[in-house]
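Undergrad: Each residue of the sequence shown is one higher than the one before, starting from 1 at the first, in our numbering.
To start, I am sharing the structure in question, which I have written as structure tokens.
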Amino acid sequence: MHVCIIGAGCSGITTAKRLAEFGISYDQFELSDDVGGNWYFRNPNGRSAVYESLHIDTSTARLQFEDFPAPADYPDFPHHTLIHDYFRAYVDAFDLRPKIEFNTGVERATRSADGGWEVTLSTGETRHYTDLVVANGHHWRPRLPEWADPEAFAGDLLHSHAYVNPFEPVEIRGRTVVVVGMGNSAMDIASELSSPWMAKKLYVSARRGVWVLPKYRNGVAADKVMAPPDIP
């Protein structure tokens, strides 16, 4: 076997670690200059959706890898910088970094006659593999709705993927803002902009209702309290 791994984010680095443990040959390609994928704030590849204030909404007890516990001083819900540091530490602890080909993208992957894969890299080189692991994530491509009359709105239209903070890439203070959606990013951004010194008025628009739950219950991370009994 000779495996191709696309991406060095969370899924890519854990896949690489398991393959190495079983002695399976692999190559790993990362478009950026470091590991972390979506959790690499201001990733030079332009594909990270992380904003400045982001804290993960899964507790450390639930997100840490079974073979690499998070540092004891990590908070229940770490800031994105700590998540990125954790992934970097994981890669270095298991000596995975030397196998990652940074600043190298995969342009195309096609099936070969023998059932394997012909993988063409951004360098122009093509390599053959028996197996392919696509671990480039799903948050890197923003999707905007199509407006019936786009010219009727003269304000700024911003996808959460581009949002950095209330001042970047556009100044939001003192303006009337509509946040469309009630997913994780929408609720984080709406909460940040709801401060009295931020948006003048803030509206949240959603196609259907959702359950909005606190991160803590009785002082304990909620996902530890509400998790199924078979999860320790």
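Think of the CB as a built atom: it goes at the ideal place given N, C-alpha and C, for glycine as much as any other residue.
Tell me the DSSP secondary structure of Asn52 in three-state form.
TA: Translated into positions along the sequence shown, residue 52 becomes position 52. First, the amino acid is wrong: residue 52 is Glu here, not Asn. Coil.
Undergrad: Can you name the start and end residues of the beta strand (DSSP E) that Ser25 belongs to?
TA: Along the sequence shown, one-based indexing puts residue 25 at 25. From DSSP, the beta strand (DSSP E) with Ser25 extends over Ser25 to Phe29.
Undergrad: The alpha helix (DSSP H) spanning Leu82 covers which residue range?
TA: Taking the sequence shown and counting its residues from 1, the one referred to as residue 82 is at position 82. Looking at the DSSP string, the run of the alpha helix (DSSP H) that includes Leu82 is His80 to Ala93.
Undergrad: Looking at the structure shown, is Leu19 part of a helix, part of a strand, or coil, going by DSSP?
TA: Here the question's residue 19 lines up with position 19 in the sequence shown. It is helical.
Undergrad: Return the chain-ordered list of same chain residues with a C-beta closer than 6 angstroms to the C-beta of Val210, the five sequence neighbours on each side being excluded.
TA: Sequence index remark: in the sequence shown, residue 210 carries index 210 (1-based). Here the set comprises Met182.
Undergrad: In this structure, how does DSSP classify Lys224 when only helix, strand and coil are distinguished?
TA: Within the sequence shown, residue 224 is the residue found at index 224, counting from 1. Looking at Lys224 - three-state DSSP - the assignment turns out to be helix.
Undergrad: As a quick exercise: from Ala8, Leu193, Leu213 and Asn184, pick the residue whose alpha carbon is nearest that of Val91.
TA: Numbered from its first residue, the sequence shown carries residue 91 at position 91. Among Ala8, Leu193, Leu213 and Asn184, the Cα nearest to that of Val91 is on Ala8.
Undergrad: Report all residues from its chain with a CB closer than 6 angstroms to the CB of Arg127; omit the five preceding and five following residues, and keep chain order.
TA: Along the sequence shown, read from residue 1 onward, the residue named residue 127 stands at position 127. The answer, listed in chain order, is Val119.
Undergrad: Is it buried or exposed for Gly155, if we count other Cβ within 10 angstroms and need 16 for buried?
TA: Looking up residue 155 in the sequence shown gives position 155. The residue is exposed, with fewer than 16 neighbouring Cβ atoms inside 10 Å.
Undergrad: For Leu157, count neighbouring C-beta atoms within 10 Å of its own C-beta (all shown protein chains included) and say buried if the count is 16 or more, exposed if not.
TA: One-based indexing of the sequence shown puts residue 157 at position 157. Flag for Leu157 reads exposed.
Undergrad: Have a look at Lys17, Glu52, Gln28 and Arg62 and flag the residue whose alpha-carbon is nearest the alpha-carbon of Ala222.
TA: Here residue 222 is taken as the residue at index 222 of the sequence shown, counted from 1. Measuring from the Cα of Ala222, the nearest candidate turns out to be Arg62.
Undergrad: Between the stretch 46 to 59 and the stretch 75 to 85, do at least 3 Cβ pairs fall closer than 8 angstroms?
TA: A contact exists between the stretch 46 to 59 and the stretch 75 to 85.
Undergrad: For Asp33, which residues of its own chain have a beta-carbon under 8 angstroms away from its beta-carbon, when the five flanking residues on both sides are left out?
TA: Position 33 of the sequence shown, counted from the start, is the residue given in the question as residue 33. So the list reads Pro44, Phe102 and Asn103, once near-sequence residues are dropped.
Undergrad: Report the start-end ranges of each beta strand (DSSP E) in the stretch 124 to 177 that is 3 residues or longer and not cut off at the edges.
TA: 126 to 129 and 131 to 134
Undergrad: Based on the DSSP output, what are the partners of Glu101 in its beta bridges?
TA: Along the sequence shown, one-based indexing puts residue 101 at 101. The bridge partners DSSP lists for Glu101 are Phe29.
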